Structure formats: C-alpha cells, structure tokens
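Here the structure comes first, spelled out in structure tokens, and everything after it is commentary.
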Ligand SMILES: Cc1cc2nc3c(=O)[nH]c(=O)nc-3n(C[C@H](O)[C@H](O)[C@H](O)COP(=O)(O)OP(=O)(O)OC[C@H]3O[C@@H](n4cnc5c(N)ncnc54)[C@H](O)[C@@H]3O)c2cc1C
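In the numbering used here, the protein residues as written are 29 to 452.
Right, dumping it as structure tokens:
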C-alpha cells in the first residue's frame, strides 16, 4: 500500500483479497490490458468470458487509482443531464450513451451478484440533494430531462429529503432508485478475481514501461517480461504513469473523504435510514454515505496533500456538524484523497491509438458505472472486430488546454470555499 493510501478507509475494510502476482516471464495473448481499475478489470473479465486470452498489467496494486479511492456511488448516467450529453455528442451517439449508462447500475450490481463480490453492495438508490433554492431549480430541470429519457426518478420536497437524509439542511432532493453504494476497492478487486476465474492473467506491481507495435503485434514491456498481443486496451486514466508516449490529457481535480467511527445504533436509525448514497448541488460539492459498519463517509473537492490542506480538514468537521449537529462529538478518523480526470465537456474519451488498440479516460468523476460499461464495450469491440460495440465513437486524439492552470484554479476555489463556508 502506498503512503497516500494508508489512511484510506477502503483499504482497511476491503473484504476481497489482493492476490495478483508480478509478471516474471514473457506472455502471448489475444488482448493486453494496461491498468487495473474498473475499466481494465471489466475489459479483462468480459474479454476472457468471450473466450479470448487476456493479460492485465497493473503498475501498483489492483484498485490503486480512482477505483480504490472513490465515494462508491454507483450511479446511472454521467454528471451531465441527458440534454447536455446530446448537445455535446449529437443526438444519435448522445442517446446511445444515455441509454447505455442508464443501465450501468444494473450491470454493476449484476456482476457483483453473479461473481459473489463482497463489496457492501446496497442498491437502495441515491439522493442528489439541493443545497440552495437555485440547486433545487437545477434538480427540477434534471428531473424533467431524466423523466423524458425514461428514468424512474422522483423529485422530493425538503420535508421528504429531511426524512431520508436525517438532515434539515436541504431544499429538496432527486431520488434515483436505480443507483446504490459499494465498497469501491472491494468491487475493483472482486472484478479482478472474477477475471482470473474466467482465465484472464492478472499481474500487479508490473508497470508497463514501453509500448510498441511491430506492424502485426503489440509489445508491452515490463521489468519482468514482455506481453505480446494483437489487441490492446489502455486504461490508466488519471493515474497514468511511465508511458510518456500515451499520456491522456485531462484536468486533474482532487477529491477527499473522511470517515466517522461506526455510529451507535440510535444514530444509525435516523441518519440515512434507507441507506441511500448522497451528494449535493454545490459547485464545490459535498458527498455523504454510510458504510456497512455504520461509518458516515463525507467528502468534497480538495487535495489533502498540500500545505493548506488543513483548511479542508477543518471544513469537513464544520460541514459534518452543519448536516448532523448530533455528530458534534463523533471522531472523524481516516482522511484520504484521489485524482479525478476531468475533460472540458465532462464526457469520457475513447482514442484509437493504433491497430486494434483503444485508450480511454475522462469519466469526470463518474466512473463506477461508466468504467464497467466502457471496459466491457471496448473488449467486445476488439474481440469481435465490430466498432459498433464501443459505447461512444473512438476519436484520433483528445487535447486539453492549460491543464495545470485549471487544476490550480479548481483547487484554489475549493480551498477558499472551504476557508469561508459552513456556518460554524
Ligand atoms: C475521490 C474520488 C471520488 C469519486 N467518486 C465517485 C463515485 O462516487 N462514483 C463514481 O461513479 N465515480 C467516482 N469517481 C470516479 C471513479 O473513481 C473513476 O472514474 C474510476 O475509478 C476510473 O476507473 P479506471 O479503471 O478508468 O481508472 P483507475 O481506477 O484510476 O485505474 C487506472 C490504473 O492504471 C494503473 N496504471 C497507470 N499507469 C500504468 C502503467 N504504466 N502500467 C500499468 N498500470 C498502470 C494505475 O496504477 C491505476 O490502478 C471518483 C473518483 C475519485 C478520485
């Protein structure tokens, strides 16, 4: 475990074992997958289930990246409401993506059930909570758009939202019964285990150091051996390392979380009694959810790794008390953060990086469902040779401008917001 993951609750409560070996010889397979997050593990699992021979290489341990650090909200769709997705992608591709991702929680929870993944899965829906009257107006727009796309979402008033969350801080909420919560790292490791059971070879602590194509076959070099394969999936996303030639372009945005100790039964009965996962409409948003042991996990945009990060830690304590005054004396233990790959239009990108090879990145903070769907779709496209199996059309390249400046802008905005906001 790396230092930055030492305080990560998900590492402390992961029920799935971390068993993959290091690659120590040359291997020849149909498909090589680089990156052991949801995208890579889903690709390896689905390709192996189709009868392909597969080798997955993970630089650190399975779930080292966003997949082992996130909030665990397994949502339908992207951050953007359906009309925005259609506006950016056009009606045909936009409709297809909206409908594929509407079904993403079903795919995730089906995989969990089918492979017996021990990841605290609760499919009791999510609540998008209005932090202001303007936030409630935004939820009304989303509600109309989602309903017209066939989504079974409910708009809740302030009273119903208070009953569901156990907090009177909100002006209303949007309930999506399709979604739910998971233990994120357990889900990643469980997918990797299922891939191995389907005969994929999964290696960790085996960074891909060089990729080349000799006109026929991909060669992926690691310190312990070379993988040769006709097809390649590059799924390193915001945790890309070592391969300078194929670094994805995105704006890095950090998000951190802290967890309470397990709450006593009396408090658990009033705080999120229905087990929904939540986030709010704030521009610098807040998320909160329970884990299986009854810890409240609360998070927001922000990097815990810089000199002023105590501002984020102090804010999260104030925010917890603002939402739940009864938790004033409850210790807030673990604190960890992760990096999100944002694209300017908040839509993920699949790039065609050579013959029978795709790279993907940029889920922009919504990667549990999308990563699972995109990994499956890319594997199916490569194994069948049918590009129509891709969830979105592949592009030749994706460029983002001024990524460092925009990263500083977001982190400064989050730090200043946390310095001045919250009532206590
Ligand atoms: C704090 C946080 C909260 C979030 N909350 C949510 C949420 O509630 N719901 C949601 O849907 N999404 C959420 N997300 C987004 C989601 O976690 C990501 O979109 C998703 O995990 C991306 O999965 P991935 O497999 O594409 O990438 P990752 O999980 O980042 O995996 C990429 C992997 O590639 C490996 N790698 C890099 N370079 C190499 C190399 N050269 N060779 C081999 N391996 C390499 C890395 O070590 C890493 O393990 C959140 C993200 C963060 C950071």
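Cβ atoms here follow ideal geometry from the backbone N, Cα and C, with glycine treated the same way. Note that the structure is predicted; figures quoted are calculated from it, not measured.
Just tell me which of the options has its CA closest to the CA of residue i.
i, options, result
"residue 57", "174, 411, 123", "411"
"residue 190", "170, 244, 202, 179", "202"
"residue 321", "311, 339, 289", "289"
"residue 271", "432, 249, 295, 291", "249"
"residue 406", "40, 52, 71", "71"
"residue 193", "44, 352, 446", "352"
"residue 429", "423, 61, 372", "372"
"residue 151", "211, 386, 124", "211"
"residue 204", "234, 342, 167, 393", "167"
"residue 422", "364, 48, 402", "402"
"residue 185", "195, 177, 176", "195"
"residue 127", "258, 175, 50, 342", "175"
"residue 138", "79, 338, 222, 279", "222"
"residue 146", "44, 54, 188", "44"
"residue 131", "61, 97, 207, 335", "207"
"residue 96", "382, 112, 35", "35"
"residue 165", "310, 266, 404, 228", "310"
"residue 404", "219, 362, 235", "219"
"residue 37", "337, 140, 61, 360", "360"
"residue 440", "363, 413, 217, 339", "339"
"residue 418", "394, 54, 385, 347", "385"
"residue 81", "228, 247, 293", "228"
"residue 113", "409, 336, 262, 376", "376"
"residue 234", "77, 269, 416", "269"
"residue 342", "286, 122, 236", "286"
Return yes when the Cβ of residue j is within less than 9 Å of the Cβ of residue i, no when it is not.
i, j, result
"residue 232", "residue 90", "yes"
"residue 306", "residue 69", "no"
"residue 426", "residue 277", "yes"
"residue 245", "residue 238", "no"
"residue 344", "residue 326", "yes"
"residue 133", "residue 179", "no"
"residue 106", "residue 154", "no"
"residue 199", "residue 252", "no"
"residue 83", "residue 214", "no"
"residue 92", "residue 64", "yes"
"residue 124", "residue 349", "no"
"residue 108", "residue 374", "yes"
"residue 431", "residue 279", "yes"
"residue 48", "residue 281", "no"
"residue 442", "residue 328", "yes"
"residue 254", "residue 99", "no"
"residue 303", "residue 209", "yes"
"residue 61", "residue 263", "yes"
"residue 392", "residue 416", "no"
Would you call residue i buried or exposed, if buried means 16 or more other Cβ atoms sit within 10 Å of its Cβ?
i, result
"residue 301", "exposed"
"residue 313", "buried"
"residue 316", "buried"
"residue 299", "buried"
"residue 448", "exposed"
"residue 284", "buried"
"residue 437", "exposed"
"residue 398", "buried"
"residue 52", "exposed"
"residue 94", "buried"
"residue 260", "buried"
"residue 331", "buried"
"residue 173", "buried"
"residue 334", "exposed"
"residue 452", "Note that residue 452 has pLDDT 38, beneath the 50 cutoff, so the model's placement of it is unreliable and the number below is only indicative. Under this definition residue 452 is an exposed residue."
"residue 275", "exposed"
"residue 319", "buried"
"residue 85", "buried"
"residue 444", "exposed"
"residue 160", "exposed"
"residue 266", "buried"
"residue 433", "exposed"
"residue 356", "exposed"
"residue 395", "buried"
"residue 446", "buried"
Beta carbon of residue i: closer than 8 Å to some heavy atom of ligand 2?
i, result
"residue 152", "For ligand 2, the structure offers nothing, since it holds only ligand 1."
Counting only beta-carbon atoms, is residue i nearer than 9 Å to chain B?
i, result
"residue 247", "The structure shown contains no chain B; it is built from a single protein chain."
> Where in the region 278-319 do unbroken runs of the beta strand (DSSP E), each at least 3 residues long, occur, reported from the N-terminal end onward?
Replying inline: As far as the region 278-319 is concerned, its whole beta strand (DSSP E) runs of at least 3 residues are 279-288, 305-308, 314-318.
> In chain order, which alpha helix (DSSP H) runs of at least 4 residues are fully inside the region 129-193?
Replying inline: Considered as a whole, the region 129-193 harbours 132-142, 161-176, 186-193 as its complete alpha helix (DSSP H) runs of no fewer than 4 residues, in chain order.
>> List, from N- to C-terminal side, the beta strand (DSSP E) runs of 3 residues or more that fit wholly inside the region 331-419.
In response: Assignment of beta strand (DSSP E) within the region 331-419, counting only whole runs of 3 or more residues, yields 360-370, 377-382, 385-389 in chain order.
> Taking the runs of the beta strand (DSSP E) that are 3 residues or longer, which of them lie wholly in the region 55-123?
Replying inline: Fully enclosed beta strand (DSSP E) runs of 3 or longer: 55-62, 82-85.
>> For a minimum of 4 consecutive residues, which ranges assigned as the alpha helix (DSSP H) are wholly contained in the region 183-265?
In response: Counting only runs of at least 4 residues, the region 183-265 fully encloses the following alpha helix (DSSP H) elements, listed from N- to C-terminal order: 186-193, 212-225.
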